[in-house]
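**Student:** Residue numbers (my numbering): 31 to 119. Think of the CB as a built atom: it goes at the ideal place given N, C-alpha and C, for glycine as much as any other residue. Since this is a predicted model, take the numbers as computed values, not measurements. Let me give you the structure first, and then I'll get to my questions.
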């Protein structure tokens with residue numbers, strides 16, 4: 031079980047990734063800027079089920095934070111209007 035998330039914001043020069051992978055009783059989380067050395071943390075758990083549970087929790091938390099961050103940026107920086115089935119701002 032594995033997921034890989036990428037966040038790109040060209041205006042603010044942000045290009046980072048976050049990945050999580052379950053291997054046996056371990057959850058391996060890796061993050062950093064794309065193209066540079068990454069950081070890694072290995073969570074050693076008592077069972078495969080615990081590793082899967084922690085995986086799902088971390089992925090949900092990351093997705094929630096990303097959604098809040100993006101929604102906030104969109105709200106703060108742009109107002110969209112539909113015109114001829116295109117978005118203008």
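What does DSSP give as the partner residues of residue 34 in its beta bridges?
**Tutor:** 49
**Student:** Going by the beta-carbon positions, is the gap between residue 56 and residue 75 smaller than 8 Å?
**Tutor:** yes
**Student:** Can you tell me the Cβ-Cβ gap for residue 63 and residue 45, rounded? I've got them flagged as a contact below 8 Å.
**Tutor:** The pair is a contact, with the Cβ atoms about 6 Å apart (cut-off 8 Å).
**Student:** Among residues of its own chain, excluding the 5 on either side of residue 34, which ones have a beta-carbon nearer than 7 Å to its beta-carbon?
**Tutor:** 47, 49
**Student:** Going by C-alpha to C-alpha distance, which of 43, 94, 51, 37 sits closest to residue 73?
**Tutor:** 51
**Student:** Start and end of the beta strand (DSSP E) containing residue 64?
**Tutor:** Unbroken run through residue 64: none, as it is neither H nor E.
**Student:** Please confirm whether residue 83 and residue 31 have their CB atoms less than 8 Å apart.
**Tutor:** Going by C-beta atoms, residue 83 is not nearer than 8 Å to residue 31.
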